[in-house]
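Undergrad: Read top to bottom, the protein sequences are chains A and B.
Residues 1 to 370 (this note's numbering) are what the first sequence spells out, left to right.
Residues 1 to 388 (this note's numbering) are what the second sequence spells out, left to right.
Here a beta-carbon is modelled for each residue, glycine too, at the ideal position from N, C-alpha and C.
Please read all numbers here as calculations on a predicted model, not as lab measurements.
Dropping the structure in here first, questions after.
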Amino acid sequence: MTEPNTIAVAMSGGVDSSTVAAMLCAEGHSVIGLTMQLWNQRRLAGREGMPESVQGRCCSLDDVYDARRVAQQIGIPYYVVNHEERFERDVVRPFVEEYLSGRTPIPCSLCNNHLKFDQLLIVAQQIGAERVATGHYARVTFDEARGRWLLKRPADHSKDQTYFLSGLTQKQLSRTLFPLGDMTKPEVRELARKHGLALAEKPDSQEICFVPGGDYKRFIDAYLAEQGESLPDTSGELVTTTGDVIGEHPGIHNFTVGQRKGLGVATGSPLYVIQISGGQKQVIVGGDEHLYSRTLRARRVNLISIDDLHEPMRVAVKIRHRHEPAPARIERTGTDEILVTFDQPQRAITPGQAAVFYDGDVVVGGGWIA
Amino acid sequence: MHRVYLDNNATTPVLPEVFEAMRPWFGERFGNASSIHHHGQDTRAAVESARESVAELLGCNAPEVVFTSGGTESDNLAIAGLVAAGDHVITSGIEHHAVLHAAKHLEELGCEVTVLPVDGRGLIDPSDVRRALRPKTKLISVMMANNETGVLQLAEEIGKLAAEAGAHFHTDAVQAAGKVALDAKRIACQALSISGHKMHAPQGVGALYVKKGTRLTPLFYGGRHERSRRAGTENVPGIVALGKAAEMAKQAFDRGGQERMSAMRDRLEQGILAQVGEAGVNGDGAPRVPNTSNIHFDHIEGEALVIALDLKGLAVSTGAACSSGAMEPSHVLLAMGLKPERARASIRFSLGKQTTEEDIDFALSIVPETVARLRSISPRYNKQVVST
Numbered sequence: 001m002t003e004p005n006t007i008a009v010a011m012s013g014g015v016d017s018s019t020v021a022a023m024l025c026a027e028g029h030s031v032i033g034l035t036m037q038l039w040n041q042r043r044l045a046g047r048e049g050m051p052e053s054v055q056g057r058c059c060s061l062d063d064v065y066d067a068r069r070v071a072q073q074i075g076i077p078y079y080v081v082n083h084e085e086r087f088e089r090d091v092v093r094p095f096v097e098e099y100l101s102g103r104t105p106i107p108c109s110l111c112n113n114h115l116k117f118d119q120l121l122i123v124a125q126q127i128g129a130e131r132v133a134t135g136h137y138a139r140v141t142f143d144e145a146r147g148r149w150l151l152k153r154p155a156d157h158s159k160d161q162t163y164f165l166s167g168l169t170q171k172q173l174s175r176t177l178f179p180l181g182d183m184t185k186p187e188v189r190e191l192a193r194k195h196g197l198a199l200a201e202k203p204d205s206q207e208i209c210f211v212p213g214g215d216y217k218r219f220i221d222a223y224l225a226e227q228g229e230s231l232p233d234t235s236g237e238l239v240t241t242t243g244d245v246i247g248e249h250p251g252i253h254n255f256t257v258g259q260r261k262g263l264g265v266a267t268g269s270p271l272y273v274i275q276i277s278g279g280q281k282q283v284i285v286g287g288d289e290h291l292y293s294r295t296l297r298a299r300r301v302n303l304i305s306i307d308d309l310h311e312p313m314r315v316a317v318k319i320r321h322r323h324e325p326a327p328a329r330i331e332r333t334g335t336d337e338i339l340v341t342f343d344q345p346q347r348a349i350t351p352g353q354a355a356v357f358y359d360g361d362v363v364v365g366g367g368w369i370a
Numbered sequence: 001m002h003r004v005y006l007d008n009n010a011t012t013p014v015l016p017e018v019f020e021a022m023r024p025w026f027g028e029r030f031g032n033a034s035s036i037h038h039h040g041q042d043t044r045a046a047v048e049s050a051r052e053s054v055a056e057l058l059g060c061n062a063p064e065v066v067f068t069s070g071g072t073e074s075d076n077l078a079i080a081g082l083v084a085a086g087d088h089v090i091t092s093g094i095e096h097h098a099v100l101h102a103a104k105h106l107e108e109l110g111c112e113v114t115v116l117p118v119d120g121r122g123l124i125d126p127s128d129v130r131r132a133l134r135p136k137t138k139l140i141s142v143m144m145a146n147n148e149t150g151v152l153q154l155a156e157e158i159g160k161l162a163a164e165a166g167a168h169f170h171t172d173a174v175q176a177a178g179k180v181a182l183d184a185k186r187i188a189c190q191a192l193s194i195s196g197h198k199m200h201a202p203q204g205v206g207a208l209y210v211k212k213g214t215r216l217t218p219l220f221y222g223g224r225h226e227r228s229r230r231a232g233t234e235n236v237p238g239i240v241a242l243g244k245a246a247e248m249a250k251q252a253f254d255r256g257g258q259e260r261m262s263a264m265r266d267r268l269e270q271g272i273l274a275q276v277g278e279a280g281v282n283g284d285g286a287p288r289v290p291n292t293s294n295i296h297f298d299h300i301e302g303e304a305l306v307i308a309l310d311l312k313g314l315a316v317s318t319g320a321a322c323s324s325g326a327m328e329p330s331h332v333l334l335a336m337g338l339k340p341e342r343a344r345a346s347i348r349f350s351l352g353k354q355t356t357e358e359d360i361d362f363a364l365s366i367v368p369e370t371v372a373r374l375r376s377i378s379p380r381y382n383k384q385v386v387s388t
């Protein structure tokens, strides 16, 4: 029988989540290990130039093997749960469609919102675990004064993953534990060694888990071919900021704002992608100075530390994972729109990425850059 | 924790008598059955008595029994061994992967394969077999009992059709052996597969009945073991155990074991259905082996139910698992026409000789409440309740 206060640990087979399982177990909690089977790498292997052998990290048999061995070593029940269908619908499809519409998606946020902190929480509750712990670097606390669950940056800012967690709701946060929030990565590895985990030295995963080698273009080709769909023709004109057509491009999904390489035109000064116009299939290019902008509009906003944004607020805003939050003012400009005005213009604000608002270490909320 | 095992179609525990029979062959008794000295003779005698016991269970003659490493090898040996490039093969969509994937491989080697459908109860219509026959049809491979639903096929009728057409008939009887009486002669098959660990012998041993006079190409090349049908030194402890398990299965039939088993299974099934709404038996209305019950509990994920029950001490399963161990919708239930949601909401209970009435009581005490708990949390179930 599952004990009250049983904790389900989302185990990826990496050092972080394995250490979480080991430490919660050592603290005397009743722990269940769960691994989400999200994507079958073999599906696209060998298609449209994808590698013949399975190379991506996501849900690889090696990672499941590692997670299972850790669970066996620390003596907890362990299960793999299949969420491939949901992952494809809520993460892979939107990922492909965003690129084809000229935006640059972040699948990790979608996965957190729709899989890890949705489906996994449901499974956990069904099997008798009220709370789920993950190996994310973030902190969650309850603020008595505000009566709200707060998401905070971790002690180790270099590992901060709050950017990908800004879609979490109060209900989701109330059932979530981030036991690594007060630790640095070297401390986590040290703890893993202390618990005798064989994977203590396993390298971190970097790329998007389901895209082998980070080659998203090849992935999109292979995925559409597998689905029996043809890649829509999104080729069009390469246009300067002043409206001059200077060439053609093979398809808008090959570009992202701020990109310099692969434009296929030679000019005296370096050219960058300034904007992608999905409707007109245009890629607008210009000098570095055109990449800077002071404002952005965030849509599909989720607020965490406050229930609503009634009046403008001073915050720091992060516009991509590797971006130091920049001082800005946020104000509501529509039922589902927040206008962000930076003190200083920011480089390469990219539609499809998240804009996450911080008040010190506290995540105020976040939305998707329109 | 009190644990009850109702997953005997996955594997069965070795019965104490079976273990006792095989135990000396790990120590005081040993030998290579091909050796001419005393040790060889002693071992040969043990292997041949086991062969006789298995033949007795299958209703055939001892020389027609080939010992293998298990059900998968038996299926592969039958399929690859009876067919050559250019032949036509008929099988069904609910076969075990040991048959389906072997048939797929034959296709790559230049055979033509027809995969027959099943009806909503999981039954193959013999007239579909007749319609699929071609002049080049060399083999029909249709299972005796399905591993997921326990549904029994009309093997004798299919055997008759094969004989009329001059084709070979192979039946995968892995889930039938020890559960229903088998008679290879009456089924009129040329080959029949069984597996030790599905009938209380250990994992790693099985057998293939091959009718006398049937030409069979071996899978392995080596010595002339098993009358040149299966090279490799015999797994003597396993074979002895399979012989003992076959003997015990035969005895159990004579003592009404099947009736007791199906009474327990029916009590479990009816007890669950009496307490749980929007649930039903997959394969209902078809003849089934006495130990298996596959039940769909609508609006839940079978995966979550299996885990929740395991954490309470009850071992059951969904039909299929992929290589990572995650569960997949069963190809058998999908072939029966179940919607994917219902296939995913299905759980298999399978009893064994060690199963007691107390085990059934235990299952009845936790399954309904666990299903209710899962439904109370299921977004799909709640949506449905709100909309009605």
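1) From the beta carbon of residue 304/B, is the nearest beta carbon of chain A less than 8 angstroms away?
2) Would you verify that the beta carbon of residue 212/A is, or is not, closer than 8 angstroms to some beta carbon of chain B?
3) Measure how close the beta-carbons of residue 23/A and residue 197/A come, nearest whole angstrom, since I'm counting them as under 8 angstroms.
4) By how many angstroms is the C-alpha of residue 214/A removed from the C-alpha of residue 375/B?
5) Does DSSP put residue 363/B in a helix, in a strand, or in coil?
6) Find the residues of chain A that neighbour residue 140/B, judging by a C-beta separation of less than 9 angstroms, and give them in chain order.
7) Could you round the C-beta distance between residue 290/B and residue 179/B to whole angstroms and report it? I think they count as a contact, below 8 angstroms.
8) Taking CB distances under 8 angstroms as the criterion, tell me whether residue 271/A reaches chain B.
9) DSSP puts residue 313/A in a beta bridge; with which residues?
10) So residue 379/B contacts chain A; which residues on that side make the cut at Cβ distance below 8 angstroms?
11) For the region 194–210 of chain B and the region 7–22 of chain B, state whether three or more C-beta atom pairs, one from each stretch, are separated by less than 8 angstroms.
12) Taking only three categories from DSSP, how would you classify residue 1/A?
13) Looking at chain A, which residues of the region 323–355 of chain B have a Cβ within less than 7 angstroms of any of its Cβ atoms?
14) Less than 8 angstroms between the CB atoms is what I'm expecting for residue 97/B and residue 112/B, so what's the real figure, rounded?
15) List, in order along the chain, the chain A residues whose C-beta lies closer than 7 angstroms to that of residue 308/B?
16) Less than 8 angstroms between the beta carbons of residue 58/B and residue 85/B, yes or no?
17) So residue 65/B packs on residue 55/B, CB below 8 angstroms; how close in whole Å?
18) Throw me the rounded Cβ distance for the residue 328/A and residue 316/A pair, which I believe falls under 8 angstroms.
19) In this structure, what does DSSP give as the bridge partners for residue 69/B?
20) Report yes if the C-beta of residue 308/A is less than 7 angstroms from at least one heavy atom of the ligand SAM; otherwise report no.
21) For residue 99/A, report the span of its beta strand (DSSP E) as first-last.
22) Identify each residue in the region 361–375 of chain B for which the Cβ-Cβ distance to at least one residue of chain A is less than 8 angstroms, and report them in chain order.
23) Between residue 364/B and residue 268/B, how many whole angstroms is the CB-CB distance? I'm expecting something under 8 angstroms.
24) With DSSP collapsed to three states, give me the class of residue 234/B.
25) What is the rounded straight-line gap between the Cα of residue 131/B and the Cα of residue 332/B?
26) Whole angstroms is fine: what's the gap from residue 178/A's alpha carbon to residue 11/A's?
27) From this set, 271/B, 7/B, 305/B and 100/B, which residue's C-alpha is nearest residue 114/B's C-alpha?
28) For residue 81/A, return the contacting residues in chain B, with the cut-off set at a CB-CB distance below 7 angstroms.
29) Could you spell out where the beta strand (DSSP E) holding residue 88/B opens and where it closes?
30) When the Cα of residue 294/A is compared with those of 144/A, 345/A and 208/A, which residue comes out closest?
31) Output the distance between the C-alpha atoms of residue 155/B and residue 190/B, rounded to the nearest integer angstrom.
32) With DSSP as the reference, please indicate the residues paired to residue 293/B in a beta bridge.
33) Can you tell me the Cα-Cα spacing of residue 249/A and residue 235/A, whole angstroms?
34) Just checking: is the beta-carbon of residue 41/A within a distance shorter than 8 angstroms of some beta-carbon in chain B?
35) Suppose you measure from the CA of residue 95/B to the CA of residue 143/B; what does that come to, to the nearest Å?
36) In chain B, which residues lie with their C-beta within 8 angstroms of the C-beta of residue 64/A?
TA: Reading it off the structure:
1) Taking the second sequence and counting its residues from 1, one reaches residue 304/B at position 304. Closer than 8 angstroms: yes.
2) Here the question's residue 212/A lines up with position 212 in the first sequence. It does not; no Cβ of chain B falls within 8 angstroms.
3) For the purposes of this step, residue 23/A is taken as residue 23 along the first sequence, with counting starting at 1. For the purposes of this step, residue 197/A is taken as residue 197 along the first sequence, with counting starting at 1. Residue 23/A to residue 197/A, Cβ: 11 angstroms. No contact.
4) In the second sequence, residue 375/B corresponds to position 375, counting from 1. In the first sequence, residue 214/A corresponds to position 214, counting from 1. So the two alpha carbons sit approximately 40 angstroms from each other.
5) Position 363 of the second sequence, counted from the first residue, corresponds to residue 363/B. In the structure shown, the three-state DSSP call for residue 363/B is helix.
6) As a position in the second sequence, residue 140/B is number 140, starting the count at 1. The contacting residues do not exist; residue 140/B stays about 31 angstroms from chain A at best.
7) Here residue 290/B refers to the residue found at position 290 of the second sequence. Here residue 179/B refers to the residue found at position 179 of the second sequence. That pair is a contact at about 6 angstroms.
8) The sequence position of residue 271/A within the first sequence is 271, counting from 1. So, not an interface residue.
9) Numbered from its first residue, the first sequence carries residue 313/A at position 313. 330/A, per the DSSP bridge assignment.
10) Locating residue 379/B in the second sequence gives position 379, where the first residue counts as 1. Under the 8 angstroms cutoff, chain A gives 122.
11) Enough Cβ pairs lie closer than 8 angstroms, so yes.
12) Residue numbering aside, residue 1/A sits at position 1 when the first sequence is read from its first letter. With a pLDDT of 47 at residue 1/A, under the threshold of 50, the modelled position of that residue is not reliable, and the figure given next carries that caveat. Three-state DSSP puts residue 1/A in coil, outside helix and strand.
13) Taking 7 angstroms as the Cβ-Cβ cut-off against chain A, the residues of the region 323–355 of chain B that qualify are 323, 324, 325, 326, 327 and 328.
14) Against the second sequence, residue 97/B aligns to sequence position 97. Against the second sequence, residue 112/B aligns to sequence position 112. Residue 97/B to residue 112/B, Cβ: 20 angstroms. No contact.
15) By one-based count along the second sequence, residue 308/B stands at place 308. Result: 126, 127 and 128.
16) What you label residue 58/B is simply residue 58 of the second sequence in a count that begins at 1. What you label residue 85/B is simply residue 85 of the second sequence in a count that begins at 1. No, the Cβ-Cβ distance between residue 58/B and residue 85/B is not below 8 angstroms.
17) Taking the second sequence and counting its residues from 1, the one referred to as residue 65/B is at position 65. Taking the second sequence and counting its residues from 1, the one referred to as residue 55/B is at position 55. In this structure residue 65/B is in contact with residue 55/B, their Cβ atoms being roughly 5 angstroms apart against a cut-off of 8 angstroms.
18) Counted from its first residue, the first sequence places residue 328/A at position 328. Counted from its first residue, the first sequence places residue 316/A at position 316. Contact between residue 328/A and residue 316/A is confirmed by a C-beta separation of about 7 angstroms, below the 8 angstroms threshold.
19) Locating residue 69/B in the second sequence gives position 69, where the first residue counts as 1. According to DSSP, which records beta bridges pairwise, residue 69/B is partnered with nothing at all.
20) Although the ligand SAM was asked about, the structure shown includes no ligands whatsoever.
21) Mapped onto the first sequence, residue 99/A falls at position 99. Segment 93–100 is the alpha helix (DSSP H) holding residue 99/A; no beta strand (DSSP E) there.
22) Cβ contacts with chain A: 373 and 374.
23) Taking the second sequence and counting its residues from 1, the one referred to as residue 364/B is at position 364. Taking the second sequence and counting its residues from 1, the one referred to as residue 268/B is at position 268. Yes, residue 364/B and residue 268/B are in contact; Cβ-Cβ is about 7 angstroms, under 8 angstroms.
24) For this step, residue 234/B is matched to residue 234 along the second sequence. Residue state, collapsed to three classes: coil.
25) Working through the second sequence from its first residue, we reach residue 131/B at position 131. Working through the second sequence from its first residue, we reach residue 332/B at position 332. Going from the Cα of residue 131/B to the Cα of residue 332/B covers about 22 angstroms.
26) One-based indexing of the first sequence puts residue 178/A at position 178. One-based indexing of the first sequence puts residue 11/A at position 11. Straight-line spacing of the CA atoms in residue 178/A and residue 11/A works out to 13 angstroms.
27) Translated into positions along the second sequence, residue 114/B becomes position 114. Closest option to residue 114/B, Cα to Cα, is 100/B.
28) Here the question's residue 81/A lines up with position 81 in the first sequence. Within 7 angstroms Cβ-Cβ: 303 and 326.
29) Residue mapping note: residue 88/B aligns to position 88 of the second sequence, counting from 1. Run containing residue 88/B: 88–92, per the beta strand (DSSP E) assignment.
30) Looking up residue 294/A in the first sequence gives position 294. Considering only alpha carbons, the answer is 345/A.
31) In the second sequence, residue 155/B corresponds to position 155, counting from 1. In the second sequence, residue 190/B corresponds to position 190, counting from 1. Residue 155/B and residue 190/B: Cα-Cα distance of roughly 12 angstroms.
32) Here residue 293/B refers to the residue found at position 293 of the second sequence. Looking at the DSSP output, residue 293/B sits in a beta bridge with 349/B.
33) Within the first sequence, the letter at position 249 stands for residue 249/A. Within the first sequence, the letter at position 235 stands for residue 235/A. Approximately 6 angstroms between the Cα atoms of the pair.
34) Stepping through the first sequence from its first residue, residue 41/A is reached at position 41. For residue 41/A, the answer is no, since every Cβ of chain B falls outside 8 angstroms of its Cβ.
35) Residue 95/B sits at position 95 when you count from the first residue of the second sequence. Residue 143/B sits at position 143 when you count from the first residue of the second sequence. Going by the C-alpha atoms only, they are around 6 angstroms apart.
36) Start at 1 with the first residue of the first sequence, and residue 64/A comes out as number 64. By Cβ distance, chain B contributes 324 and 325.
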